[in-house]
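Reviewing the structure listed below.
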Amino acid sequence: MAWTRDEMAARAARELKDGFYVNLGIGIPTLVANYIPQGMKVVLQSENGMLGMGPFPLEGEEDPDLINAGKQTITQLPISSYFSSSDSFGMIRGGHIDLSILGGMEVSENGDLANWMVPGKMVKGMGGAMDLVAGVKRVVVVMEHNSKDGAAKFKSRCELPLTGANVVDMVISDLAVFARPDRKSPFKLLELAPGVTADELKSRTSASYQV
Amino acid sequence: MAWTRDEMAARAARELKDGFYVNLGIGIPTLVANYIPQGMKVVLQSENGMLGMGPFPLEGEEDPDLINAGKQTITQLPISSYFSSSDSFGMIRGGHIDLSILGGMEVSENGDLANWMVPGKMVKGMGGAMDLVAGVKRVVVVMEHNSKDGAAKFKSRCELPLTGANVVDMVISDLAVFARPDRKSPFKLLELAPGVTADELKSRTSASYQV
Amino acid sequence: MTGSASKVYANAREALAGVVRDDLTIMSGGFGLCGIPENLILALRDCGARGLTVISNNAGVDEFGLGLLLKTRQIRKMISSYVGENKEFERQYLSGELQLEFNPQGTLAERIRAGGAGIFGFYTRTGAGTLVAEGKEQRVVNGETFVLETGLTSDLSLVKAWKGDTEGNLVYRKTARNFNPMMATAGRVTIAEVEELVEAGELDPDQIHTPGIFVQRIFKGTDYVKPIEQRTVRKKK
Amino acid sequence: MTGSASKVYANAREALAGVVRDDLTIMSGGFGLCGIPENLILALRDCGARGLTVISNNAGVDEFGLGLLLKTRQIRKMISSYVGENKEFERQYLSGELQLEFNPQGTLAERIRAGGAGIFGFYTRTGAGTLVAEGKEQRVVNGETFVLETGLTSDLSLVKAWKGDTEGNLVYRKTARNFNPMMATAGRVTIAEVEELVEAGELDPDQIHTPGIFVQRIFKGTDYVKPIEQRTVRKKK
Numbered sequence: 001m002a003w004t005r006d007e008m009a010a011r012a013a014r015e016l017k018d019g020f021y022v023n024l025g026i027g028i029p030t031l032v033a034n035y036i037p038q039g040m041k042v043v044l045q046s047e048n049g050m051l052g053m054g055p056f057p058l059e060g061e062e063d064p065d066l067i068n069a070g071k072q073t074i075t076q077l078p079i080s081s082y083f084s085s086s087d088s089f090g091m092i093r094g095g096h097i098d099l100s101i102l103g104g105m106e107v108s109e110n111g112d113l114a115n116w117m118v119p120g121k122m123v124k125g126m127g128g129a130m131d132l133v134a135g136v137k138r139v140v141v142v143m144e145h146n147s148k149d150g151a152a153k154f155k156s157r158c159e160l161p162l163t164g165a166n167v168v169d170m171v172i173s174d175l176a177v178f179a180r181p182d183r184k185s186p187f188k189l190l191e192l193a194p195g196v197t198a199d200e201l202k203s204r205t206s207a208s209y210q211v
Numbered sequence: 001m002a003w004t005r006d007e008m009a010a011r012a013a014r015e016l017k018d019g020f021y022v023n024l025g026i027g028i029p030t031l032v033a034n035y036i037p038q039g040m041k042v043v044l045q046s047e048n049g050m051l052g053m054g055p056f057p058l059e060g061e062e063d064p065d066l067i068n069a070g071k072q073t074i075t076q077l078p079i080s081s082y083f084s085s086s087d088s089f090g091m092i093r094g095g096h097i098d099l100s101i102l103g104g105m106e107v108s109e110n111g112d113l114a115n116w117m118v119p120g121k122m123v124k125g126m127g128g129a130m131d132l133v134a135g136v137k138r139v140v141v142v143m144e145h146n147s148k149d150g151a152a153k154f155k156s157r158c159e160l161p162l163t164g165a166n167v168v169d170m171v172i173s174d175l176a177v178f179a180r181p182d183r184k185s186p187f188k189l190l191e192l193a194p195g196v197t198a199d200e201l202k203s204r205t206s207a208s209y210q211v
Numbered sequence: 001m002t003g004s005a006s007k008v009y010a011n012a013r014e015a016l017a018g019v020v021r022d023d024l025t026i027m028s029g030g031f032g033l034c035g036i037p038e039n040l041i042l043a044l045r046d047c048g049a050r051g052l053t054v055i056s057n058n059a060g061v062d063e064f065g066l067g068l069l070l071k072t073r074q075i076r077k078m079i080s081s082y083v084g085e086n087k088e089f090e091r092q093y094l095s096g097e098l099q100l101e102f103n104p105q106g107t108l109a110e111r112i113r114a115g116g117a118g119i120f121g122f123y124t125r126t127g128a129g130t131l132v133a134e135g136k137e138q139r140v141v142n143g144e145t146f147v148l149e150t151g152l153t154s155d156l157s158l159v160k161a162w163k164g165d166t167e168g169n170l171v172y173r174k175t176a177r178n179f180n181p182m183m184a185t186a187g188r189v190t191i192a193e194v195e196e197l198v199e200a201g202e203l204d205p206d207q208i209h210t211p212g213i214f215v216q217r218i219f220k221g222t223d224y225v226k227p228i229e230q231r232t233v234r235k236k237k
Numbered sequence: 001m002t003g004s005a006s007k008v009y010a011n012a013r014e015a016l017a018g019v020v021r022d023d024l025t026i027m028s029g030g031f032g033l034c035g036i037p038e039n040l041i042l043a044l045r046d047c048g049a050r051g052l053t054v055i056s057n058n059a060g061v062d063e064f065g066l067g068l069l070l071k072t073r074q075i076r077k078m079i080s081s082y083v084g085e086n087k088e089f090e091r092q093y094l095s096g097e098l099q100l101e102f103n104p105q106g107t108l109a110e111r112i113r114a115g116g117a118g119i120f121g122f123y124t125r126t127g128a129g130t131l132v133a134e135g136k137e138q139r140v141v142n143g144e145t146f147v148l149e150t151g152l153t154s155d156l157s158l159v160k161a162w163k164g165d166t167e168g169n170l171v172y173r174k175t176a177r178n179f180n181p182m183m184a185t186a187g188r189v190t191i192a193e194v195e196e197l198v199e200a201g202e203l204d205p206d207q208i209h210t211p212g213i214f215v216q217r218i219f220k221g222t223d224y225v226k227p228i229e230q231r232t233v234r235k236k237k
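Chains as they are written, first to last, in UniProt numbering: chain A, 1 to 211; chain B, 1 to 211; chain C, 1 to 237; chain D, 1 to 237.
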């Protein structure tokens with residue numbers, strides 16, 4: 001039985017460590033904030049210029065000057081600070097963020113990530129995704145294992161234009177978790193969702209991986 | 001009769017314009033602040049991180065956290081702002097300062113400036129001088145016309161290591177003022193100190209200049 | 001653009017007078033609809049300048065922000081990182097009426113900072129191995145590839161701050177800061193609109209985000225709408 | 001160097017414990033004697049680490065600041081823009097005991113910012129046609145020559161702020177800010193000493209100069225001397 005979106009987010013949250021500075025992408029990655037273990041301190045960075053992102057505001061307390069990178073209204077915390085976009089991406093590019101969790105369209109077996117454009121479709125832009133994968137120390141991609149038409153999204157090589165080359169450290173799908181110790185190593189299967197067999201996973205994956 | 005240091009500073013002050021942002025070097029250039037015409041607004045930048053530098057403090061009001069680039073105690077004004085060294089030199093390098101007035105050891109007829117080191121002597125460092133001459137829109141050098149041994153300081157070419165190549169727009173010495181309309185043009189003699197003859201000037205200058 | 005003639009203008013229209021013409025390159029601050037120069041965008045629409053190249057992280061929405069200038073076809077080209085919220089943008093782009101250059105958001109921010117700080121170009125890891133690097137110089141250092149990106153400047157930068165003083169010193173509020181500080185440094189002329197305009201001396205000089213040297217004109221904006229694109233709330237527990 | 005174990009240390013000695021060893025590259029904030037990490041420099045002297053490369057705009061004076069580490073011969077190399085106030089420096093340099101690399105002040109500041117911001121290198125006009133450009137890549141754009149300068153990082157950055165909170169957020173005061181903010185970003189480990197240490201939440205988040213992410217250790221300094229190098233006053237009129 002495949003993991004739900006929330007289960008995937010909860011699994012991604014297990015990659016958090018006490019004291020981490022973390023950037024969460026839009027979609028399932030945003031849900032990771034709900035699974036930060038009690039007592040663990042994790043500081044969320046929002047690339048539009050904030051460190052120490054708080055929860056969504058209560059109704060009536062929305063502040064249009066206070067949004068996250070998904071343009072959602074948020075709140076500040078006692079630890080928060082604000083800064084410019086260039087300072088924010090200096091922080092990202094300079095390797096000061098410990099972990100980036102973001103969505104993907106395709107990940108290749110050598111760690112390439114594609115998540116920003118589909119040729120022939122309207123392209124909305126890469127936003128900060130290329131900066132995040134190029135700058136953050138560790139990159140975890142959370143995505144459905146297969147696309148709607150059943151095609152593998154963890155594949156031998158990406159067909160879509162890349163967001164970054166050799167930038168992914170871990171893939172969490174609804175079927176399995178793959179990771180590698182460094183960016184010179186191949187991915188290894190770490191976990192299978194309950195009821196998913198190794199053979200089924202293999203048949204739904206085009207990437208090579210160690211088991 | 002050669003101009004005094006104060007007369008040279010006063011002459012340099014005539015290059016100020018209303019609304020200018022100006023950086024003044026150490027020595028005679030510092031005196032220029034005393035000759036800003038009444039009613040003219042000139043904002044002084046200090047490259048260690050301040051815009052809107054005020055006068056020296058009254059005795060007893062010195063603040064060790066408030067110094068200029070010459071490490072002298074200064075004061076702030078209602079218009080002042082503070083910033084980091086990288087922001088300060090972004091301001092300088094980015095061409096936002098209208099005028100830099102600084103001292104020189106040698107200026108060449110093609111506008112090279114040498115004012116930071118004498119080979120064989122202890123070198124103290126260039127500080128911000130190279131950044132200023134490379135970044136500020138207009139550079140005025142104020143210096144004695146001849147060195148103590150009588151050698152010309154405005155010369156055909158600099159013998160000392162350069163601070164910047166083709167960066168000087170005007171030379172104000174104790175004997176004369178030379179300027180050029182742009183950095184492709186030769187210098188032209190604009191003014192002679194009282195009692196200094198054109199021939200005397202020529203004999204004490206090794207640079208070519210238009211008269 | 002210096003001159004101790006006051007930097008203070010009555011409103012957006014007067015602040016734009018004499019500095020806008022067709023075919024300019026204009027930077028416009030903001031992230032999404034947060035921290036955008038609302039008054040200046042409206043005045044820019046009303047002045048009718050055309051053929052503009054606009055550098056802005058986003059392109060507004062159909063009925064607000066830079067979307068208004070797309071509607072009137074005043075924009076020839078956008079340099080942005082993300083333009084997902086705008087149908088008219090999509091239509092003009094797909095029909096070839098609008099040119100578009102995408103930059104990674106951090107690269108865009110850094111290019112603008114570089115332009116303002118007199119840096120010709122810089123080497124970044126961002127975009128290496130992607131379409132963004134195509135046609136650009138690259139260098140490999142210790143096995144890592146860096147892409148050369150160049151500085152950006154504008155003829156006119158339009159920024160929005162929270163407070164400003166008569167000297168042009170600016171203070172931003174929360175995440176409305178975003179691209180505004182860099183854009184202020186990169187304009188040959190920079191116009192700032194502020195929610196509160198105070199006398200010089202009222203802002204703490206240690207707390208000024210944009211020193212007045214970067215701002216040639218300033219005015220107090222009015223009728224701020226500040227639309228929220230994704231109003232998201234939590235339940236009271 | 002993350003970990004929610006508190007960032008707060010009792011004093012300079014404890015803050016340095018476990019992160020200092022011989023041959024490190026250390027950045028030390030300040031301009032002249034203004035805004036220097038007085039407590040950390042003393043503790044660094046007392047811990048005896050040798051063979052240090054120190055990146056700092058200046059080298060202190062004989063009896064204060066980095067001059068103290070020169071006296072004890074703990075510094076092997078200085079990267080600075082101006083070192084004019086220090087006789088012991090001069091002696092060691094002329095005798096060949098001390099290595100020295102001069103950078104133009106703005107280039108030094110920008111190299112440190114680049115190091116902290118993940119920029120491999122940048123092209124600047126500063127130093128073109130001078131000794132500073134020798135041996136460096138250069139490029140000519142529209143007749144102007146630009147020099148390639150590379151980013152600088154440190155093993156350990158020592159910074160001084162006015163106020164800081166338990167989260168590591170820092171606020172500087174007046175011209176004591178100078179090189180401290182960039183150095184805070186460029187250290188693999190950054191230690192901040194502050195005159196006033198407050199609880200998180202007491203500093204205005206819009207007014208924080210250095211976000212806490214850049215600071216791994218923080219402590220309240222004591223016994224600040226803050227010598228003035230050039231006490232200059234005007235007469236009461």
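We put the CB at the ideal spot given by N, CA and C, even for glycine. The structure presented is a predicted model; accordingly, all values stated were derived computationally and were not measured.
Short CB-CB distance (under 8 angstroms) between residue i and chain C
i	result
Ile79/B	yes
Tyr82/B	yes
Asn23/A	no
Gln76/B	yes
Gln138/D	no
Arg173/D	yes
Close Cβ partners of residue i (< 7 angstroms) along its chain, the five nearest in sequence each way excluded
i	result
Leu152/D	Ile55, Arg111, Ile112, Gly115 and Ala186
Thr2/C	With a pLDDT of 41 at Thr2/C, under the threshold of 50, the modelled position of that residue is not reliable, and no figure is offered here.
Any chain D beta carbon closer than 8 angstroms to residue i
i	result
Tyr123/C	yes
Arg111/C	no
Glu59/B	yes
Ala134/B	yes
Met91/A	yes
Asn48/B	yes
Cβ-based neighbour list, residue i, same chain, cut-off 8 angstroms, excluding 5 preceding and 5 following
i	result
Thr26/C	According to the sequence shown, residue 26/C is Ile rather than Thr. Here the set comprises Leu44, Leu52, Thr53, Val54, Ile55, Ser154, Asp155, Leu156, Ser157 and Leu158.
Ala15/D	Tyr9, Leu40, Ala43, Ile191, Glu193, Arg217, Ile218 and Phe219
Glu15/B	Leu99, Ile101, Arg138, Val140 and Met170
C-beta contact flag for residue i and residue j at 8 angstroms
i	j	result
Gly30/D	Asn57/D	yes
Lys153/A	Glu200/A	no
Gly221/D	Glu195/D	yes
Leu66/B	Ile74/B	yes
Glu229/D	Met122/B	no
Ser156/A	Ser108/A	yes
Own chain residues within Cβ distance below 6 angstroms of residue i, not counting five before or after
i	result
Ala2/A	Asp174, Leu175 and Ala193
Leu98/C	Gln92
CB contact below 8 angstroms: residue i versus chain A
i	result
Val141/C	no
### Query
Three or more C-beta pairs closer than 8 angstroms, one from the region 112-132 of chain C and one from the region 113-124 of chain D: is that the case here?
yes
### 4-residue-minimum alpha helix (DSSP H) runs that sit fully inside the region 53-95 of chain A, ordered along the chain
85-93
#### Entry: Whole alpha helix (DSSP H) elements within the region 20-87 of chain C, 4-residue minimum
38-47 and 67-71
### Query
So does the region 99-110 of chain C actually touch the region 89-104 of chain A, counting three or more Cβ pairs closer than 8 angstroms?
yes
### Query
Using 8 angstroms as the Cβ pair cut-off and three pairs as the minimum, do the region 161-173 of chain B and the region 133-147 of chain B touch?
yes
### Query
With contact counted as at least three CB pairs below 8 angstroms, one residue from each stretch, are the region 206-216 of chain D and the region 17-31 of chain B in contact?
no
### Query
Are the region 166-175 of chain C and the region 28-38 of chain C touching, with three or more C-beta to C-beta distances below 8 angstroms?
yes
#### Entry: Sequence ranges, alpha helix (DSSP H) only - wholly within the region 158-195 of chain C, length at least 4
180-186
#### Entry: In chain order, each alpha helix (DSSP H) run of at least 4 residues that lies wholly inside the region 125-162 of chain A
129-135
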